[in-house]
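So the sequences go chain by chain: A and B. Quick note: the first sequence uses this note's numbering, first residue 80, plus one each step. Quick note: the second sequence uses this note's numbering, first residue 2, plus one each step. Read through the structure below, which is laid out as structure tokens, and then see the notes.
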Amino acid sequence: MQVDAFAIRLRTRTPWEATDLGIRLCQREIRSVYRCYWAVALPPFALCLATFEIANWLPAVLIWWLKPWLDRVILFVLSRAGFGQSTTVASVWRSSDVVLWRQLLHSLTLRRLSIRRSFTQPVYQLEGLRGAARRARLRILRQRGGGIAALLTGGFSTIETLLTIGLLSLLIWFAPPGDSPSLASYFVGERAQFFALAYAVCYALVVLALEPFYVGAGFGLYLNRRVELEAWDIEQEFRRAFAH
Amino acid sequence: MLELRPAGLPVRFYAFALDAMIRWAVLYALAMVLMVLGGLGMAVLLIAFFALEWFYPVLFELMPDGATPGKKLFGLTVLMDSGLPVTPGASMTRNLLRAADFLPFGYAAGIVSMLLRRDFKRLGDLAAATCVVYRPVAPPPVELAGVEPRPPAIVLPPRTQAAIIAFAARLPRLTAERANELASLALQATERSSSDTPLTSAAQLAAVAQWLVGRR
């Protein structure tokens, strides 16, 4: 690891501070993160929304299911951002076999159900370890920060729900005057169908906006754990102080 | 130099959730007691709800810790932007404006503001010129029992001294290879003694740290 190439000032951080570091990294690269993530995620999300014709609950479930797979694009951009490199859609395209298609089955099954997925994803995607070596690595990383990683997933999924309801509530706020439907009408009948579609669209929009921050926060946790284990912060400071 | 470390959305989400749970627990207990009073009890309960919702944070933020129980547990504190303790007016402002952060529903405005701003402020913090930061924690004292102090070979600036001391503090948790690899980056600090000693470069650097922390 080329510690002197980092575009981050390393120091000892608590795991919570590390999640903030990841969010800051995401904020700094927000343009390239959104550009790459949206370019890749919009077509599958549009297809997911089209399944509304099959069942009105299906789009949200499919989007939820695909999230960890599409998160790989965000992590790809953020890992390069850590070294101060910007990423374009073209570079995602060139690396698409690694970013999108490697470990595809794993992303859609076991990884989907992992409660610490944002924290452990870098091990799967960036470290390139396999089998026993990977399990040992994950065990060491989880010793500190593993609990926070689970809280992170729980927190962000709650925040996702809050924002979806927030966006949806705008529909009610801006509903034309005179038409004051009862609450029940949102769940049964013709209006319920419209409401289900609106929910799916709002959910898709919230995921498109929020997911990079979740991935970023988990990446921050991962980085901090490695800084701690391998004393990268001290290496960075020594290289700066004793540069020849 | 005063260094403030703003606290971001994930930790503040949980601090808030904990405070909300405490508020609801208090209300639940009150409701159990007040139920026997009928209509009057209901009136008292509604007043208690109002008071808890709006003044619980203000009360705790004006205490010496500057933090509600939830924030305290997560090591957070509320300060003015200047780093001074939060004033009563600012605390009122930031908490009354939770109503703005709540809009359109479920604190969406506050969440978006905290995600997009570098200092992780919500709207109430902006209006009141306050910030939520991590309370500074003193690092544990460096344990270097039995290490012979050794003066550094060159004059070291304070920041580098701090890095060498941090290195010594982390030494027990590093592998020997990694420790020596790191110490070899700082050879200039130990160079003078490196020829006439059987010590590894990590041990030599630890000896310099021992000298730097003042045990001479």
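Glycine residues also receive a C-beta, built at the ideal position from the N, C-alpha and C atoms.
Counting along the chain, residue 192 of chain A sits inside the alpha helix (DSSP H) bounded by residues 189-192. In this structure, DSSP gives residue 203 of chain A a helical state, which the three-state scheme calls helix. One alpha carbon belongs to residue 291 of chain A, the other to residue 153 of chain A, and they sit about 6 angstroms apart. Judged by DSSP secondary structure, residue 98 of chain A falls outside any beta strand (DSSP E) and instead within the alpha helix (DSSP H) spanning 94-107.
Under DSSP, residue 79 of chain B forms a beta bridge with B:133. In terms of beta-carbon proximity, residue 106 of chain A lines the interface with chain B, with at least one pair separated by less than 8 angstroms. Shown here, residue 150 of chain B sits in coil according to DSSP, grouped into three states, outside any helix or strand.
For residue 309 of chain A, the nearest beta carbon of chain B is closer than 8 angstroms to its own beta carbon. Counting along the chain, no alpha helix (DSSP H) covers residue 176 of chain A, and no H or E run does either. Contact annotation: residue 204 of chain B and residue 320 of chain A have beta-carbon atoms that are not nearer than 8 angstroms. With respect to residue 198 of chain A, residue 301 of chain A sits close: the two C-beta atoms are nearer than 8 angstroms. Within chain B, the residues whose beta carbon sits less than 8 angstroms from that of residue 292 of chain A are 10 and 116, listed in sequence order. The three-state reading of DSSP puts residue 142 of chain B in coil, since its state is none of H, G, I, E or B. Bounds of the alpha helix (DSSP H) holding residue 216 of chain A are 210-221. With respect to the C-alpha of residue 180 of chain B, the residue from A:219, A:202 and A:317 having the closest C-alpha is A:317. The region 2-10 of chain B makes no contact with the region 215-227 of chain A; the number of CB pairs closer than 8 angstroms stays below 3. In the three-state reduction of the DSSP assignment, residue 86 of chain B falls in the strand class, which pools E and B. At a cut-off of 8 angstroms between beta carbons, residue 317 of chain A contacts chain B.
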